[in-house]
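Asks:
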Amino acid sequence: MLELERVSVTFNAETANEVRALRDISLSVPDGQFITVIGSNGAGKSTLFNVISGAVEVDRGHIHLDGQDITYQPEHRRSHDIGRVFQDPRLGTCPGLTIRENLSLAAIHGRQAGLRRDVKQAQEAWFIEQLEQQHLGLEQRLDADVALLSGGQRQAITLVMATLIKPKLLLLDEHTAALDPNAAEQVIALTQAQAQAHDLTVIMITHSMQQACLLGDRVIMMNDGQIVFDFSGEERKNLTPADLIARFHSLDSGAELADRQLLG
Amino acid sequence: MTATTAASETSSEGRFSATRAFLVRGIVLAIVIAGFMSLGNVNIGAIGQGLGYALAGVCVFLTFRVLGFVDLTVDGAFPIGGAVCAVLIVSGVRAEIAILAAFAAGAGTGLATALIDIIFKIEGLLASIIVITAAYTVNLHIMGGRSNIPLLGEETLISRHSKEFRTWLVEQFGDQMRRQSTNLLEIAIFGAIVIIVLILLYLFMRTEIGLAIRASGKNPQMVRATGLNHNVMIAIGLMLANGLAGVAGSMVVQQFGFADVSLGFGLIVRGLAAVIIGEVLMRPRSVGQLLVAATVGMLVFDISRAWIFSALDLPTTDIQFVSALVVLAALGAPRLYDRWKTYRQRHSGGAQ
């Protein structure tokens, strides 16, 4: 259970460039829920993620994860409980290291890194098992440098890394936006499979209205640092992309929809 | 997504042949260098000197290629390692212990750079400039206010066995070897030290911490996302790298027979040259190969500099200028070659 309690973030406070990225946001995410988040550029979606993951400090408010106050926990400590996949496929995995080595880094998760050998026999079987579930054939390429893989493959591996040790929360920040349509579709399928298999709590930012309506069981729309719509239950079931676009236009903030949001 | 990517480069057979190719390149290079040295009349002392400095090259490899920034701390860690070693040897401590102390002293300078980076958020290059400036004074204090400590008549790793080795060498190979005995002894002892350190380092690079250090230089965001503190990893990396520079300092001090406060001058440039020369000549691919390449690069650097000296019959006062030229050649040649390749492609109608 993730709870945000009146969280505010202001960048460049008291200067001409002041941006109130998050205004008094409260959000409660029950275990096992899959939320999609939409909103125009600058609505505060990414800041919301950065606040939850610890990359950005809050100015006011509190964040609780499973009853524990994590508001001032450093980013790497929170990562023990929170898995992340970024928009840029290059961020989630480390070039120069093989798939095997990347996965073994992810397997350290929540422990102190020690002087053990990086990959143990038992681990390797576990890695192969995880990769086989993706049906991408990556389990045969454990010794390949991650830099040689395509964006889709790297996102797929990042997804495995983020869920290797079941996280309490999985944050997906437009993780298919930089991929070609085929790869994006595959990664979305993998995301759904992982979420169901591990019964994960997921928050996913997306630019695609289609995706927002297809995936998950709750849709949040953000605008100007606030949550402006929150659809769940029956309301969510009947939601169509057209509804979302209509809601978008009803916002009087002058937020512009990008073409790809309308099309996608 | 998968169909287009054949797993050609990943099979264990592929890895084996890559290692073999690397070894073959190494052997060919060794033969070329040996021929070069005998034809150019280069003294084998250059090899001993290269081995003495080799770990400083490894230090620069670790910071420049693994941690991903130019860390000048090596310029301070090296003479401090040398100073600590010299002071301890003069006060009667065994050379082995003195070398370990030099490692600790070098690691201390690395830690200083890391702390400035972490606490003040001053980027590594700048942080290391601050550290080497301060290190100069620290160094003078370690040496008791003197700028030079001679090791004449003290027991160093080299002098400890030099008499017995010379006698043995002359008995075995005749009197003409007498002149080379110190050089050969240096090569044997330093060679052993460098090989042991490289093996330990290679094993370390394959542990979880080693892996995390490698990832911290390439993708700190990802390291944090996997729940590891990338600052700690960078700090460990800097301590290890500069500890090795300290060891190199202690080796060179024992080789020269004195410690000097200006011993680290221009070392970063020399280290960069070693890394680049090694990469150009050996084309390393794995971590182990990269470590070997940095060492070989340092050897090639010293040998080619010695050759330039003997070929042009230069006085020792010109040494830094020649060093700069060798570094320029090492850094510049690959770039010029690339430009020449694009130029040629453009002027051959764009076709390959």
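If you read the sequences in order, they're chains A and B.
Per our numbering, numbering through the first sequence is continuous, rising by one, with the last residue being 282.
Per our numbering, numbering through the second sequence is continuous, rising by one, with the last residue being 629.
Positions of the beta carbon are idealized from the N, C-alpha and C atoms, including for glycine.
Please read these numbers as outputs of a predicted model, since none were measured by experiment.
1. Given that Lys495 of chain B touches chain A, what residues does it touch there, using C-beta distances under 9 Å?
2. May I ask you to verify whether the region 184-197 of chain A touches the region 96-110 of chain A, counting CB pairs closer than 8 Å and requiring at least 3?
3. What number of angstroms, rounded off, separates the C-alpha of Leu608 of chain B from the C-alpha of Asp84 of chain A?
4. Using 8 Å as the cut-off, can you tell me whether the region 504-511 of chain B makes contact with the region 554-569 of chain B, which would need three or more C-beta pairs spanning the two stretches below that distance?
5. What do you reckon, are the CB atoms on Leu474 of chain B and Val335 of chain B nearer than 9 Å?
6. Is the shortest distance between the beta-carbon of Ser122 of chain A and the beta-carbons of chain B less than 9 Å?
7. Is the beta carbon of Ile426 of chain B closer than 9 Å to that of Val364 of chain B?
8. Is the Cβ-Cβ distance between Lys495 of chain B and Gly79 of chain A less than 9 Å?
9. Going by DSSP, what residue range makes up the alpha helix (DSSP H) through His624 of chain B?
10. Less than 6 Å between C-beta atoms, sequence neighbours within five positions excluded: which residues of the same chain meet that for Leu233 of chain A?
11. Under the three-state reduction of DSSP, which class applies to Asp590 of chain B: helix, strand or coil?
12. Does Ile486 of chain B have its Cβ less than 9 Å from a Cβ in chain A?
13. Mind listing the chain A neighbours of Gln457 of chain B? Cutoff is C-beta to C-beta under 9 Å, in chain order.
14. Residues of chain A with a CB under 7 Å from the CB of Met499 of chain B: which are they?
15. Starting from the N-terminal side, write out each stretch of the beta strand (DSSP E) that is 3 residues or longer and does not extend beyond the region 148-197 of chain A.
16. Determine the contact status of Leu123 of chain A and Met499 of chain B, defining contact as a CB-CB distance below 9 Å.
17. Does any residue of chain A have a CB that is nearer than 9 Å to the CB of Leu505 of chain B?
18. Looking at Ala354 of chain B: is its Cβ nearer than 9 Å to the Cβ of Gly526 of chain B?
19. Going along chain A in order, which residues have a C-beta closer than 9 Å to the C-beta of Arg491 of chain B?
20. Please state the DSSP three-state secondary structure of Pro561 of chain B.
21. Give the residues from the region 80-111 of chain A that approach chain B closer than 7 Å (Cβ to any Cβ), ordered along the chain.
22. Quick one: grab the DSSP three-state call for Gln449 of chain B.
23. Going along chain B in order, which residues have a C-beta closer than 8 Å to the C-beta of Ile126 of chain A?
24. Do Ile357 of chain B and Ala323 of chain B come within 9 Å of each other at the CB atom, strictly closer than that value?
25. With a cut-off of 8 Å, do at least 3 Cβ pairs link the region 220-227 of chain A to the region 48-63 of chain A?
26. What's the C-alpha gap between Asp235 of chain A and Arg560 of chain B?
27. What whole-angstrom Cβ distance do Gly393 of chain B and Ile407 of chain B have, given they're in contact under 8 Å?
28. Can you tell me whether Trp584 of chain B is buried or exposed, with buried defined as 16 or more other CB within 10 angstroms of its CB?
29. Would you identify the three-state DSSP class for Glu203 of chain A, choosing helix, strand or coil?
30. Taking the beta carbon of Ile308 of chain B as the centre, do at least 16 other beta carbons fall within 10 Å, making it buried, or is it exposed?
31. Taking its Cβ as the centre, do 16 or more other Cβ atoms sit within 10 Å of Ile374 of chain B, making it buried, or is it exposed?
32. So for Ser493 of chain B, helix, strand or coil by DSSP?
33. Quick check: is the beta carbon of Met510 of chain B nearer than 9 Å to any beta carbon in chain A?
34. Going by DSSP, what residues sit across from Leu40 of chain A in a beta bridge?
35. Any C-beta of chain A sitting closer than 9 Å to the C-beta of Phe481 of chain B?
36. Applying a beta-carbon distance threshold of less than 9 Å, which residues of chain B neighbour Ala140 of chain A?
Replies: Short version:
1. As a first step, residue 495 of chain B is located in the second sequence; it is residue number 218 there, counting from the start. Neighbours of Lys495 of chain B on chain A, chain order: Cys112, Pro113, Gly114 and Leu115.
2. The answer is yes - the region 96-110 of chain A touches the region 184-197 of chain A, with three or more Cβ pairs under 8 Å.
3. Working through the second sequence from its first residue, we reach residue 608 of chain B at position 331. Working through the first sequence from its first residue, we reach residue 84 of chain A at position 66. Cα to Cα, the separation comes out at about 54 Å.
4. Not touching, per the Cβ criterion.
5. Walking along the second sequence from the start, residue 474 of chain B turns up at place 197. Walking along the second sequence from the start, residue 335 of chain B turns up at place 58. In the sequence as displayed, the identity of residue 474 of chain B is Val instead of Leu. Cβ atoms of Val474 of chain B and Val335 of chain B: closer than 9 Å.
6. Within the first sequence, residue 122 of chain A is the residue found at index 104, counting from 1. For Ser122 of chain A, the closest Cβ of chain B is nearer than 9 Å.
7. Position 87 of the second sequence, counted from the first residue, corresponds to residue 364 of chain B. Position 149 of the second sequence, counted from the first residue, corresponds to residue 426 of chain B. Judged by beta-carbon spacing, Ile426 of chain B lies within the 9 Å limit of Val364 of chain B, meaning their Cβ atoms are closer than that value.
8. Numbered from its first residue, the second sequence carries residue 495 of chain B at position 218. Numbered from its first residue, the first sequence carries residue 79 of chain A at position 61. Using a Cβ distance threshold of 9 Å, Lys495 of chain B and Gly79 of chain A do not count as a contacting pair.
9. Along the second sequence, read from residue 1 onward, the residue named residue 624 of chain B stands at position 347. Its alpha helix (DSSP H) spans residues Ile596 to His624.
10. Position 215 of the first sequence, counted from the start, is the residue given in the question as residue 233 of chain A. Cβ neighbours of Leu233 of chain A beyond the five flanking positions: Thr54.
11. Along the second sequence, read from residue 1 onward, the residue named residue 590 of chain B stands at position 313. In the three-state reduction of the DSSP assignment, Asp590 of chain B falls in the coil class, being assigned neither a helical nor a strand state.
12. Working through the second sequence from its first residue, we reach residue 486 of chain B at position 209. Output row for Ile486 of chain B: interface = yes.
13. On the second sequence, residue 457 of chain B is found 180 positions in, with the first residue counted as 1. Annotation: Gln457 of chain B has no Cβ neighbours in chain A at a cutoff of 9 Å; minimum Cβ distance is about 41 Å.
14. Sequence index remark: in the second sequence, residue 499 of chain B carries index 222 (1-based). Going along chain A in sequence order, the residues near Met499 of chain B (Cβ under 7 Å) are Leu109, Gly110, Thr111 and Cys112.
15. Counting only runs of 3 or more, we get 187-191.
16. Within the first sequence, residue 123 of chain A is the residue found at index 105, counting from 1. Within the second sequence, residue 499 of chain B is the residue found at index 222, counting from 1. Cβ distance < 9 Å, so Leu123 of chain A and Met499 of chain B count as in contact.
17. As a working mapping, residue 505 of chain B is identified with position 228 in the second sequence. Cβ-Cβ to chain A under 9 Å: yes for Leu505 of chain B.
18. Looking up residue 354 of chain B in the second sequence gives position 77. Looking up residue 526 of chain B in the second sequence gives position 249. Yes, the pair counts as a contact, with Cβ atoms nearer than the cut-off.
19. As a working note, residue 491 of chain B is residue 214 in the second sequence. Below the 9 Å Cβ cutoff, chain A contributes Cys112, Gly114, Leu115 and Glu119 as neighbours of Arg491 of chain B, in chain order.
20. In the second sequence, counting from the first residue as 1, residue 561 of chain B sits at position 284. Coil.
21. If you check each beta-carbon in the region 80-111 of chain A against every beta-carbon of chain B, the ones closer than 7 Å belong to Glu93, His94, Ser97, His98, Arg102, Leu109, Gly110 and Thr111.
22. Within the second sequence, the letter at position 172 stands for residue 449 of chain B. Reduced to three states, the DSSP call for Gln449 of chain B is helix.
23. By 1-based counting over the first sequence, the position of residue 126 of chain A is 108. Residues of chain B passing the Cβ test: Glu485, Ala489, Thr503, Gly504 and Leu505.
24. In the second sequence, residue 323 of chain B corresponds to position 46, counting from 1. In the second sequence, residue 357 of chain B corresponds to position 80, counting from 1. The Cβ-Cβ distance between Ala323 of chain B and Ile357 of chain B does not fall below 9 Å.
25. Touching, yes.
26. Taking the first sequence and counting its residues from 1, the one referred to as residue 235 of chain A is at position 217. Taking the second sequence and counting its residues from 1, the one referred to as residue 560 of chain B is at position 283. Going from the Cα of Asp235 of chain A to the Cα of Arg560 of chain B covers about 52 Å.
27. Walking along the second sequence from the start, residue 393 of chain B turns up at place 116. Walking along the second sequence from the start, residue 407 of chain B turns up at place 130. Reading off the sequence, residue 393 of chain B comes out as Ile, not Gly. Going by Cβ atoms, the distance from Ile393 of chain B to Ile407 of chain B rounds to 6 Å, so yes, they are a contact pair.
28. Counted from its first residue, the second sequence places residue 584 of chain B at position 307. By the 10 Å Cβ count, Trp584 of chain B comes out buried.
29. Indexing the first sequence from 1 puts residue 203 of chain A at position 185. Here Glu203 of chain A sits in helix by DSSP.
30. Counting from 1 along the second sequence, the entry for residue 308 of chain B is found at position 31. Classification of Ile308 of chain B: exposed, given that the 10 Å Cβ count is below 16.
31. One-based indexing of the second sequence puts residue 374 of chain B at position 97. So Ile374 of chain B counts as exposed.
32. Position 216 of the second sequence, counting from 1, holds the residue named residue 493 of chain B. Helix, per DSSP.
33. Here the question's residue 510 of chain B lines up with position 233 in the second sequence. Yes, Met510 of chain B counts as interfacial toward chain A.
34. Here residue 40 of chain A refers to the residue found at position 22 when the first sequence is read from its first residue. Beta-bridge pairing links Leu40 of chain A to A:Val27.
35. For the purposes of this step, residue 481 of chain B is taken as residue 204 along the second sequence, with counting starting at 1. So yes, Phe481 of chain B belongs to the interface.
36. For the purposes of this step, residue 140 of chain A is taken as the residue at position 122 of the first sequence. The contacting residues do not exist; Ala140 of chain A stays about 15 Å from chain B at best.
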